[in-house]
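Presented below is the structure to which this report refers.
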């Protein structure tokens, strides 16, 4: 069992240096209770987290379950190519899959065209390519349900029962 507080002093560089110095490293079934300075405790389980460091190629993959009233799963994988000491030259291919992502788990959400998302449930996948310190492409397939949007101008909330999409972006 691992208990973390936002005031805990963790030497992130030392920890990261140790992880990348290992050829293979993994953890399984780790329960984490995070107590932020403000807000409610966040409990999650690291079902598995794996690192493989093979010279100029670094693989990271894992599955995390947020222990909320509705369990939320986050599956991810990334391949980093290049020397991690020269992070500006790193190329990344990443994948993220969210199941039952509740917007209520995020304290502050951005506004979209004057509307703020107050509630909703999302599931989807994201593929991302990173090169030269920028996103070179990103794609997302998603489904959303029970959305509630609120506007400062229009006092009546906007409800959307279901939405889905396929979004792709690549810079010119």
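Residue numbers (the working numbering): 27 to 198.
Beta carbons: idealized from backbone N, C-alpha and C, even for Gly.
For residue i versus residue j, is the C-beta spacing smaller than 8 angstroms?
i	j	result
residue 77	residue 113	no
residue 152	residue 164	yes
residue 128	residue 96	yes
residue 131	residue 94	yes
Provide the residue span of the beta strand (DSSP E) that contains residue i, from first to last.
i	result
residue 131	Looking at the DSSP string, residue 131 is not in any beta strand (DSSP E), and its letter there is neither H nor E.
residue 68	68 to 80
Between residue i and residue j, what straight-line distance do the alpha-carbon atoms span, to the nearest angstrom?
i	j	result
residue 182	residue 176	7 angstroms
residue 46	residue 52	12 angstroms
residue 103	residue 88	7 angstroms
residue 178	residue 186	18 angstroms
residue 184	residue 44	49 angstroms
residue 66	residue 139	29 angstroms
residue 156	residue 117	6 angstroms
residue 63	residue 134	15 angstroms
residue 54	residue 111	27 angstroms
residue 92	residue 72	9 angstroms
residue 192	residue 121	15 angstroms
residue 198	residue 123	26 angstroms
residue 68	residue 48	29 angstroms
residue 86	residue 180	44 angstroms
residue 154	residue 190	19 angstroms
residue 125	residue 90	11 angstroms
residue 188	residue 141	17 angstroms
residue 195	residue 58	35 angstroms
residue 98	residue 150	12 angstroms
Going by DSSP, name the residue or residues bridged to residue i.
i	result
residue 165	153, 194
residue 96	Partner(s): none; residue 96 has no beta bridge.
residue 105	85, 119
residue 55	Beta-bridge pairing links residue 55 to no other residue.
residue 47	Residue 47 is not bridged to any residue.
residue 171	147, 188
residue 142	137, 176
residue 110	According to DSSP, residue 110 bridges with nothing at all.
Quick one: does residue i have its CB under 8 angstroms from some CB of chain D?
i	result
residue 86	The chain labelled as chain D is not found in the depicted structure, where only one protein chain is given.
Is residue i a contact residue of the ligand MG, with contact defined as CB to any heavy atom under 7 angstroms?
i	result
residue 85	Inclusion of the ligand MG in the displayed structure is not the case, the ligand content being empty and no account of it being possible.
| said: Taking 8 angstroms as the cut-off, does the segment 162 to 179 touch the segment 139 to 147 (at least 3 CB pairs, one atom from each stretch)? | reply: Contact between the segment 139 to 147 and the segment 162 to 179 is present, because at least three Cβ pairs lie under 8 angstroms.
| If you pair each beta-carbon of the segment 79 to 87 with each one of the segment 101 to 113, do three or more pairs fall below 8 angstroms? | The segment 79 to 87, when compared against the segment 101 to 113, does touch it at the 8 angstroms Cβ threshold.
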